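Structure first, then comments.
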């Protein structure tokens with residue numbers, strides 16, 4: 114009967130994907146910056162993952178789920194809080210170090226410095242533009258490697274590296290209050 | 119020995135453990151002796167530690183887990199070939215009812231009651247919807263004197279809202295669903311992380327007195343006076359039986 118096959122599929126999905134629900138939730142929470150929104154996003158993402166489960170091949174289930182959670186977070190933000198996804202748009206189409214990247218780095222600085230309530234490092238991380246925030250979260254908190262981060266975010270490893278560098282430079286300047294950076 | 123300007127672009131990759139063995143060794147040697155690059159690498163490491171120490175640890179809430187489990191069931195039903203052409207949950211629930219009846223060797227007589235089939239299907243549908251739509255309650259209160267009057271004038275039946283927190287089933291609130299074109303009151307209880315929806319309808323012609331249990335959710339029915347109660351939940355069937363016991367004890371006394 115169909116529902117037996119369906120149940121088998123579901124229990125396989127649950128055993129492969131649900132162990133990474135905390136990781137998925139954490140990413141959505143960092144991207145949406147809100148508990149209720151993160152829960153909505155994760156639910157939507159898991160259902161989406163379930164629909165595409167047939168396309169999942171044995172491999173890294175965590176990265177697979179994170180990629181879907183990330184994509185769902187962004188489309189949720191675009192629908193509900195478009196301002197949250199704007200800052201690094203200038204980067205699109207530019208090679209690393211291009212005008213867009215410089216602009217974005219400038220925005221980040223201004224953004225972090227314009228807030229007087231940023232006394233805590235986690236609040237600073239939360240204030241980063243989403244594309245910089247996500248690489249920090251994936252690297253430092255999810256402890257993913259560059260290749261995995263590239264896989265989750267869908268950008269080349271070079272971009273992961275430059276974003277990570279930019280995010281750290283911005284955080285250090287805002288956090289330690291000293292200008293130690295070189296490249297940007 | 120590497121020069122500083124050769125080292126700097128690789129510092130992030132170095133502390134991230136992304137360099138190949140040869141490069142890593144070269145950088146390590148440089149960092150050990152360089153008064154500029156050494157502290158720079160240490161500052162990056164410190165930033166990482168500070169981030170890890172300051173960042174809250176986010177975990178998926180239990181309520182989200184149960185919501186997702188329910189949603190997956192609903193999803194599975196929608197995509198199952200047998201149910202694809204039918205109006206979603208109704209047909210799915212009905213097919214489960216049939217399966218239960220067949221699977222248990224005829225001890226359940228529910229399939230003979232077409233009308234009850236439909237009601238059961240719609241109730242499960244309602245139960246799942248209440249979990250999926252972040253719309254669990256219209257009136258959120260554990261106070262029976264708030265919940266009970268809320269239904270007055272909104273539905274034909276006046277559900278006996280009692281808080282059963284002392285028995286492990288706290289009252290969360292009430293909700294009005296539309297089932298079979300009519301407003302039907304639902305009392306919402308919790309059992310640990312599980313939600314129990316108790317739909318209150320006019321008493322059925324027959325007291326079905328059974329628990330359906332398939333795919334992790336249960337539906338339990340009983341009549342009390344001129345009211346019929348349908349409790350739907352993903353709590354264990356034994357817990358629903360326990361719920362019926364304490365609910366009846368509290369409402370009939």
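Residue numbers (this note's numbering), protein chains in the order written: chain U, 114 to 297; chain F, 119 to 371.
Every residue gets a Cβ at the ideal spot worked out from N, C-alpha and C, and that includes glycine.
Just so you know, these numbers come straight off a predicted model, no measurement behind them.
Check the C-beta distance from residue i over to residue j and give it rounded, since I have them as a contact under 8 Å.
i	j	result
residue 349(F)	residue 297(F)	That pair is no contact at about 15 Å.
residue 189(U)	residue 154(U)	5 Å
residue 292(F)	residue 306(F)	7 Å
residue 269(F)	residue 258(F)	Their Cβ separation, rounded to whole angstroms, is 14 Å, which puts residue 269(F) and residue 258(F) out of contact at 8 Å.
residue 165(F)	residue 276(U)	With 8 Å as the limit, residue 165(F) and residue 276(U) do not qualify as a contact, their Cβ atoms being about 15 Å apart.
residue 238(F)	residue 337(F)	6 Å
residue 152(U)	residue 137(U)	Actually they do not touch by this definition, with Cβ atoms about 11 Å apart.
residue 366(F)	residue 342(F)	6 Å
residue 162(U)	residue 130(U)	6 Å
residue 251(U)	residue 265(U)	6 Å
residue 311(F)	residue 184(F)	6 Å
residue 126(F)	residue 155(F)	7 Å
residue 192(F)	residue 246(F)	5 Å
residue 280(F)	residue 254(F)	The Cβ separation is near 18 Å, so there is no contact.
residue 253(U)	residue 183(U)	Incorrect: roughly 16 Å between the Cβ atoms, too far for contact.
What residue range is occupied by the uninterrupted beta strand (DSSP E) comprising residue i?
i	result
residue 174(U)	From DSSP, residue 174(U) is part of no beta strand (DSSP E) but of the alpha helix (DSSP H) over 174–193.
residue 151(F)	Premise fails: residue 151(F) lies in the alpha helix (DSSP H), 139–151, not in any beta strand (DSSP E).
residue 344(F)	Neither: residue 344(F) is in no beta strand (DSSP E) and is coded neither H nor E.
residue 170(U)	Taken as a continuous stretch (DSSP letters only), residue 170(U) belongs to no beta strand (DSSP E), as it is neither H nor E.
residue 297(F)	289–297
residue 158(U)	First-last for residue 158(U): 148–164, but that is the alpha helix (DSSP H), not the beta strand (DSSP E).
residue 305(F)	300–309
residue 316(F)	312–320
Starting from residue i, trace the alpha helix (DSSP H) in both directions and tell me its first and last residue.
i	result
residue 169(F)	155–172
residue 362(F)	355–370
residue 134(U)	134–145
residue 269(F)	262–269
residue 276(F)	No alpha helix (DSSP H) contains residue 276(F), which DSSP labels as neither H nor E.
residue 100(U)	Here chain U comprises residues numbered 114 to 297, so residue 100(U) is not present and cannot be evaluated.
residue 259(U)	259–266
residue 239(U)	234–240
residue 198(U)	Premise fails: residue 198(U) is in no alpha helix (DSSP H) and is neither H nor E.
residue 132(F)	129–133
residue 123(F)	122–125
Residues of chain B with CB closer than 7 Å to the CB of residue i, please, in chain order.
i	result
residue 261(U)	Protein chains U and F are contained in the structure displayed, whereas chain B is not.
So, residue i versus residue j, is the Cβ gap smaller than 8 Å?
i	j	result
residue 149(F)	residue 159(F)	yes
residue 156(U)	residue 242(F)	no
residue 288(U)	residue 237(U)	yes
residue 322(F)	residue 299(F)	no
residue 335(F)	residue 356(F)	no
residue 270(U)	residue 285(U)	no
residue 273(F)	residue 320(F)	no
residue 261(F)	residue 294(F)	no
residue 194(U)	residue 245(U)	no
residue 274(U)	residue 283(F)	no
residue 301(F)	residue 369(F)	no
residue 129(F)	residue 162(F)	yes
residue 133(U)	residue 196(U)	no
residue 145(F)	residue 119(F)	no
Quiz item: Is the region 132–143 of chain U in contact with the region 157–172 of chain F, if contact means three or more CB pairs nearer than 8 Å?
Solution: no
Practice problem: Assess, as a yes-or-no matter, whether the region 119–138 of chain U is touched by the region 158–168 of chain U under the definition of 3 or more beta carbon pairs within less than 8 Å. | Solution: yes
Practice problem: Compile a chain-ordered list of the residues in the region 138–160 of chain U whose CB is closer than 7 Å to at least one CB of chain F. | Solution: 138, 139, 142, 152, 155, 156, 159, 160
Quiz item: Taking a cut of 8 Å between CB atoms, which residues from the region 147–168 of chain F lie near chain U?
Solution: 158, 161, 162, 165, 166, 168
Quiz item: Between the region 161–179 of chain U and chain F, which residues of the former have a C-beta closer than 9 Å to a C-beta of the latter?
Solution: 163, 164
Quiz item: Quick one, which residues of the region 243–254 of chain U are near chain F if we go by CB-CB under 9 Å, in chain order?
Solution: 249, 250, 252, 253, 254
Quiz item: Going along the chain, which residues of the region 120–137 of chain U sit with their C-beta nearer than 8 Å to a C-beta in chain F?
Solution: 120, 122, 123, 126, 127, 131, 134, 135, 137
Quiz prompt | Against chain U: residues of the region 275–301 of chain F by CB proximity under 9 Å | solution = none
Self-check item: Interface positions of the region 258–283 of chain U facing chain F (Cβ-Cβ less than 7 Å), listed along the chain
Solution: 258, 259, 274, 277, 278, 281
Self-check item: chain U contacts from the region 168–182 of chain F (Cβ-Cβ distance under 9 Å)
Solution: 168, 169, 170, 171, 172, 173, 174, 175, 176, 177, 178, 179, 181, 182
Practice problem: Output, in sequence order along the chain, the residues in the region 341–364 of chain F whose CB is closer than 8 Å to any CB in chain U. | Solution: none
Practice problem: Taking a Cβ distance cut-off of 8 Å, strictly less, list which residues of the region 123–134 of chain F are near chain U, in chain order. | Solution: 126, 127, 130, 131, 134
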